[in-house]
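Note that our numbering has the sequence shown beginning at 191, numbered continuously upward. In this text, a Cβ means the ideal position worked out from N, Cα and C, and glycines have one as well. If you're wondering where the values come from, they're calculated on a predicted model, not measured in any experiment. Notes for the one structure printed next.
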Amino acid sequence: MPSLLQERTQAGLNSRQEQSAGIRAGAKVRGGVARLLRGLVGVVALAVVWEVAPRAGWVDPNFVSPLSEVLKAWYELLSSGELWTHLGASLFRSAAGFALALALAVPLGAAIAWYRPVRELVSPVLELFRNTAALALLPVFVLILGIGETSKVAIVLFACFFPILLNTISGVATVDQQLLRSARVLDLSAVTTFRKVVFPAALPTIFTGIRIAGAAAVLVLIAAEMIGATAGLGYLINYSQYNFLIPQMYAAILTTTGVGLAINYGLVALERRMSRWRA
C-alpha cells in the first residue's frame, strides 16, 4: 500500500504528456473504476455494521434503527410525496442564499483585492464578521426579518458570503506577479488583464471558498429549520425525533447527506470544467 509521500513523489506524466505519448484512455478509465471500487468498500462496510449492530443488540434498536428499516421509511416518505415537499423547501432556501452570496461576494472580493489600501482597510472588519457564527445571529435575523422564508435565506446568505468573499480576496491578491508583469508588457487593459489573467489564476482559490460555502448552505439551513420552520429537512428531522419516528428521522438525515454530497461533487465537476487550462 503506497504512502502519501510515495504517491506525491512518484515519477509520472501529466495529462498533456500522456496525450502526446498516446496513452489510451482505457487504462485511465480502468484505474478510475478500481479507485471507485476501493472507495465503495468502506461504504458497504458501514452499511453492514449499521444493519447488524441494532439487530445483534450492540446498540439499542429503539434509538438506532437498522439500515433496512431506515431505507423502508425513506421509500415511504418518497412515495407519499412528503420527502419531495421538505426537500424542495430546503433546496429553494439553500439555492437562493447561496446564489445571492455568490453574486455579491465574488465581484466585491475582486474589487477589494484589486486595490491594496481598500483591502488593508476592510480586512479586519471582514475577519470580525467571518468569525461570528451564523447561527448565533439567527435570533437577530428572525427579529428583523420575521420567522418566514426571508430570515432563512438571509442566514444562508450570511454563512456563504464570507468564505466566498475571503477566498476571492486571497485568490486575486496572490496572483503570480510574473503573470501581471507579462500582461503589462503585452499592454493589456485592466479589464482584459483581470478577465484573461487574474480571474483564471484566482479561480482555484475562489472555488475553495465556493465549496466551503456549499457545505455551509446545507448545514446552517438544517439547523435554522430545526428552530423555526413548518417545512424542510431540518423540520422533518426535528419533527421525527419529537414524535419518536426514529427510522424516518434517519431517513431525513440520509437525505441531507445525499444533498451535501451532490452539491460538493457538482462543484468539483464545475471547477474541473472551468479549470481545464491548468492540465
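Coarse secondary structure for residue i, derived from DSSP in three states
i    : result
T446 : helix
V343 : helix
T420 : coil
Y305 : coil
W274 : helix
L376 : coil
A252 : The sequence given here places Asn at residue 252; Ala does not occur at that position. Coil at N252, not helix or strand.
G247 : coil
N428 : helix
G229 : helix
S284 : helix
I412 : helix
T322 : coil
F384 : helix
L333 : helix
Q196 : Any reading at Q196 needs caution, since the residue's pLDDT is 48, under 50, leaving its predicted position unreliable; the model's value is listed next. Q196 falls in the helix class under three-state DSSP.
Spatial neighbours of residue i in its chain, beta-carbon cut-off 7 Å, leaving aside the 5 residues before and after
i    : result
R320 : F352, L356
T446 : V408, I412, L423
D377 : none
A324 : I345, F348, A349, V410
A291 : L347, C350, F351, I354, A403
Q196 : Model confidence at Q196 stands at a pLDDT of 48, short of 50, so the residue's coordinates are unreliable and nothing is read from them.
Own chain residues within Cβ distance below 6 Å of residue i, not counting five before or after
i    : result
T398 : N357
P251 : P244
Supposed close pair residue i, residue j - CB separation, criterion 8 Å
i    : j    : result
A243 : V254 : 7 Å
L347 : S341 : Incorrect: roughly 10 Å between the Cβ atoms, too far for contact.
G287 : V343 : 5 Å
A373 : V387 : 5 Å
A237 : L257 : 6 Å
I337 : A295 : No, I337 and A295 are not in contact; Cβ-Cβ is about 26 Å, not under 8 Å.
Y440 : V260 : 4 Å
V283 : E317 : The sequence given here places Arg at residue 283; Val does not occur at that position. Their Cβ separation, rounded to whole angstroms, is 27 Å, which puts R283 and E317 out of contact at 8 Å.
I453 : A442 : Not really, about 17 Å apart at Cβ, beyond 8 Å.
Buried or exposed by the 16-neighbour rule on C-beta atoms within 10 Å, applied to residue i
i    : result
R401 : buried
L273 : buried
Y305 : exposed
W264 : buried
P314 : exposed
P437 : buried
E310 : exposed
A279 : buried
G456 : exposed
E415 : buried
G448 : exposed
S269 : exposed
Spatial neighbours of residue i in its chain, beta-carbon cut-off 8 Å, leaving aside the 5 residues before and after
i    : result
L379 : Checking the displayed sequence, the identity of residue 379 turns out to be Ser instead of Leu. Once the five neighbours on either side are set aside, S379 has no close Cβ partner at all.
G229 : none
Residue i CB to nearest heavy atom of the ligand GTP below 7 Å
i    : result
R309 : No copy of the ligand GTP occurs in the structure displayed, which carries no ligand at all.
Would you be able to state if there are at least three C-beta pairs under 8 Å between the stretch 380 to 400 and the stretch 414 to 429? no
Below 8 Å, can you find three or more Cβ-Cβ pairs linking the stretch 449 to 469 to the stretch 382 to 394? yes
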